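Read top to bottom, the protein sequences are chains A and B.
Residue numbering for the first sequence follows my numbering, starting at 85 and increasing by one per position.
Residue numbering for the second sequence follows my numbering, starting at 2 and increasing by one per position.
Down below is the structure, laid out as structure tokens.
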Amino acid sequence: MNDTMKPTSRAAASTSSPRRRFLKDAAGVAGGAGLLALGAGMYARQASALPATAIRPPGALAEAAFLAACVRCGLCVRDCPYDTLRLAELGDGVATGTPYFLARDIPCEMCEDIPCVVACPSGALDRALTDIGEARMGLAVLIDQENCLNFLGLRCDVCYRVCPVIDKAITLERMHNPRSDRHAMLLPTVHSEHCTGCGKCEKSCVLPGESAIKVLPIKLAQGSKAEHYMRGWEEKDAAGESLIGEQLELPVRGLEDKAYGDTRVRPGEGPQAPPAVPDYAPARPPGGGLDSGWKP
Amino acid sequence: MNAQTTTGQATGTRPERKVPPTSVRGAAMRGVVARPGHEAIEAKGWLRAHKWLLLRRTSQFGILALFLVGPWFGWWIVKGNLSSSLTLGLLPLTDPFLIAQQLAAGQWPYREVLLGGGIVLAFYLLLGGRLFCSWVCPVNLVTDAAAWLRRRLGLKGGKAPAANTRHWLLGFVLVIAAVTGSLAWEWVNPVSMLHRGLIFGFGLAWGIVGGIFLYDLLIAPRGWCGHLCPQGAFYALLGRASLLKVSADKRRDCNDCMDCFAVCPEPQVIRPALKGVGQDHPLILDAECTTCGRCVDVCGKDVFRITTRFNRSES
């Protein structure tokens, strides 16, 4: 610029001194500023592990890309009609200013027009997501089988009933109840193919404190696929026929009337007591079966 | 043009003026705490001696109010925060400093952010980069309060880092964004954090804001805004060729009371214009000048005024 001139300093007499002083100053300043920036960077890196219960809005990019894209403006929060989304505050454990929600507090209601994605100006929420059913915010996991009422044999079913993708994302799988031996258990079972991670199941779990079913980041919730294990039934579907030819079906003696896989032993079935029992053998009640409650 | 001769023209030939007793220099001679601006109030009246300050506070609080009436009363004029906002559902505005970090982190944003960033960029390029610092930024309220308290308590000294630390920090902020692939600075950036906190809730961000207040008050005079803030450094870069500038066009009347130096957030920018050091015109062209107009207010002799960079006249 021609309208300002370099001040004619007294030190200009010796040519090396200003340069040396500049280098010294620059080194000090750069060192200090570098340390400050490094501190911020390290803090960001260390804290960028998202807590497992914090769920990103629908359409959020993978976490690393999300942290590069989100400008922390809160427009998604403003356009969320159910006040589900919130901006992380310093100390929340989520990157400061980025949007997330806690399913146990307010889950995602899966709006059909996905207003949060429409509002996002930065690209952190991907507008390629137009069908909320395709959202993968996380994956529900029935994480506590000891306290889930359905696993205890009751018909709670609440997580299954509230699921917006009912009978696809959560199904009730009928199982024998070995405790009573004469009841069924209907176990809520999540299918990753359909679960959007909205968290309505976690919100509505009737347990008083923590939920027995929780939405977790997919990375935490799912194992990797075993690459070398060919799923015969999938291969068969894909090929239209079995790849190894039709298999011989061998009869299972004594279980002719039962469904495949049903190995329960009804009263009167199974190996009977040998006829020649010594007298001192304890009397057996008629029947038998697994854990029939018989005591000597 | 030689620095010595211009200095001579500006001040040398005129007789010594009486220094006002409550001014910075007068108070220093008497050994009491200075009241910069006191003479201006006596000479011009309180209102005129606070004109630009009042306008500036109106601007700062007004912008904040525009963002707050939405969450407080449900009148959604502006949504979002200073990082990125949407006015009346129509006008996108985005902080170009954020876009710079985003691009450094390797992320290409949507059209709205680019458009909003372009509008903001054009505004500050045209009118004055650090107008953001003095007329918009909420941290200015904090550091101004610290500077005011520092003056009132008569706190002297302190250790401020070199003024160009902010430029280095700006560079490192972009480097760190590129290295970590994330907006690392936004985890701790007090500027966006304070504004976002006021609108969306604070958490522990009060600690960072309080830390800046105490740092400016007790450790480094004007330490944050004047030496460290990389966002201010970014906006200073934008303001290199901008239009609005402060001119010391009546510098002939200066009575060396030093009040303008005491209230100026970047006091090093005044001397070239006021005393003609290294330049012959009375314009403050240094991009670090925030065009806050406080020097205009506190001068009892009306030396300064806000004008354009093309007006090099002197009266």
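Where a beta carbon is used, it is the ideal one built from N, C-alpha and C, also for glycine.
Keep in mind that this is a model prediction, so the values were computed, not measured.
{"Check": "Alpha-carbon to alpha-carbon, B:Ala234 and B:Asn3", "Outcome": "Note that B:Asn3 scores a pLDDT of 44, beneath 50, so its modelled location is shaky; the value from the coordinates is reported in the next line. So the two alpha carbons sit approximately 30 Å from each other."}
{"Check": "One or two residues paired with B:Val247 in a DSSP bridge", "Outcome": "B:Ile285 and B:Ile307"}
{"Check": "Interface partners of A:Ala148 on chain B, CB under 8 Å", "Outcome": "Gly182 and Ser183"}
{"Check": "Element boundaries [beta strand (DSSP E), containing B:Val192]", "Outcome": "Not the beta strand (DSSP E): B:Val192 falls in the alpha helix (DSSP H), residues Pro191 to Phe201."}
{"Check": "Contact set for B:Pro93: own chain, Cβ-Cβ below 6 Å, skip 5 residues either direction", "Outcome": "Leu87, Glu113, Leu116 and Gly117"}
{"Check": "Closer than 8 Å at the beta carbon, the chain B residues around A:Cys164", "Outcome": "None at all; the shortest Cβ gap to chain B is about 12 Å."}
{"Check": "DSSP state of B:Pro37 mapped onto helix, strand, coil", "Outcome": "coil"}
{"Check": "Segment limits, beta strand (DSSP E) that includes A:Tyr184", "Outcome": "Pro183 to Leu186"}
{"Check": "Heavy atom of the ligand SAM within 6 Å of A:Gly207 beta-carbon", "Outcome": "Because no ligand of any kind appears in the structure shown, any question about the ligand SAM cannot be addressed here."}
{"Check": "Nearest neighbour of B:Ala91, chosen from B:Arg57, B:Pro191, B:Gly81 and B:Val192 [CA to CA]", "Outcome": "As written in the sequence, residue 91 of chain B is Leu, which differs from the Ala given in the question. Taking only the C-alpha atoms, the option nearest B:Leu91 is B:Gly81."}
{"Check": "Neighbourhood of B:Gly240 by C-beta, 7 Å cutoff - its chain only, sequence neighbours within 5 removed", "Outcome": "Tyr125, Gly129, Gly130, Arg131 and Ala288"}
{"Check": "Beta carbon proximity, B:Asn165 to chain A, threshold 7 Å", "Outcome": "yes"}
{"Check": "DSSP three-state assignment for B:Lys45, whether helix, strand or coil", "Outcome": "helix"}
{"Check": "7 Å Cβ cutoff, A:Leu151 in contact with chain B", "Outcome": "yes"}
{"Check": "Amino acids of chain B, ordered along the chain, whose beta-carbon sits closer than 8 Å to that of A:Gly307", "Outcome": "None at all; the shortest Cβ gap to chain B is about 26 Å."}
{"Check": "Touch test, the stretch 168-185 of chain A against the stretch 138-148 of chain A, Cβ-Cβ under 8 Å, three pairs minimum", "Outcome": "yes"}
{"Check": "Within-7 Å CB hit, A:Ser206 to chain B", "Outcome": "yes"}
{"Check": "Continuous alpha helix (DSSP H) assignments of at least 4 residues falling wholly in the stretch 44-128 of chain B", "Outcome": "52-74, 97-105 and 112-128"}
{"Check": "Below-7 Å beta-carbon distance, B:Ala323 vs any chain A residue", "Outcome": "In the structure displayed, chain B extends from 2 to 316; residue 323 of chain B sits before or after that span and is not available."}
{"Check": "Residues sharing a beta bridge with A:Leu256, DSSP", "Outcome": "A:Pro272"}
{"Check": "Which of helix, strand or coil DSSP assigns to A:Leu233", "Outcome": "coil"}
{"Check": "Cβ-Cβ distance between B:Val299 and B:Val247 below 7 Å", "Outcome": "no"}
{"Check": "Residues bridged to A:His267 (per DSSP)", "Outcome": "A:Asn261"}
{"Check": "Cut-off 7 Å between Cβ atoms - residues of its own chain near A:Cys160, not counting five sequence neighbours on either side", "Outcome": "Pro141, Leu169, Pro183, Cys200, Ala203, Cys204 and Leu209"}
{"Check": "Under the three-state DSSP convention, the category B:Gly182 falls into", "Outcome": "coil"}
{"Check": "Residue environment, B:Gln108, which counts as buried when at least 16 other CB atoms sit within 10 Å", "Outcome": "buried"}
{"Check": "Option in A:Ala179, A:Lys284 and A:Met269 with minimal Cα separation from A:Arg221", "Outcome": "The identity of residue 221 of chain A in the sequence shown is Met, whereas the question assumes Arg. Among A:Ala179, A:Lys284 and A:Met269, the Cα nearest to that of A:Met221 belongs to A:Lys284."}
{"Check": "Contacts of B:Glu348 in chain A (Cβ-Cβ under 7 Å)", "Outcome": "As shown, chain B starts at 2 and ends at 316. That puts residue 348 of chain B outside it, with no answer to give."}
{"Check": "Residue-chain proximity (A:Val201, chain B), Cβ-Cβ < 7 Å", "Outcome": "no"}
{"Check": "Listed by chain order, chain B residues near A:Tyr127 by CB distance under 7 Å", "Outcome": "Trp188 and Val189"}
{"Check": "Rounded straight-line distance, which links the Cα of A:Ala224 to that of A:Arg188", "Outcome": "12 Å"}
{"Check": "Touching by the beta-carbon criterion (3+ pairs, under 8 Å), the stretch 244-260 of chain B and the stretch 188-196 of chain B", "Outcome": "no"}
{"Check": "Cβ-based burial, B:His196 [other Cβ within 10 Å; buried from 16]", "Outcome": "buried"}
{"Check": "Alpha helix (DSSP H) segment containing B:Leu142, residue limits", "Outcome": "Val140 to Leu154"}
{"Check": "Contacts of B:Trp225 in chain A (Cβ-Cβ under 7 Å)", "Outcome": "Simply none; closest approach about 12 Å."}
{"Check": "Cβ pair B:Val143, B:Ile213 closer than 7 Å", "Outcome": "yes"}
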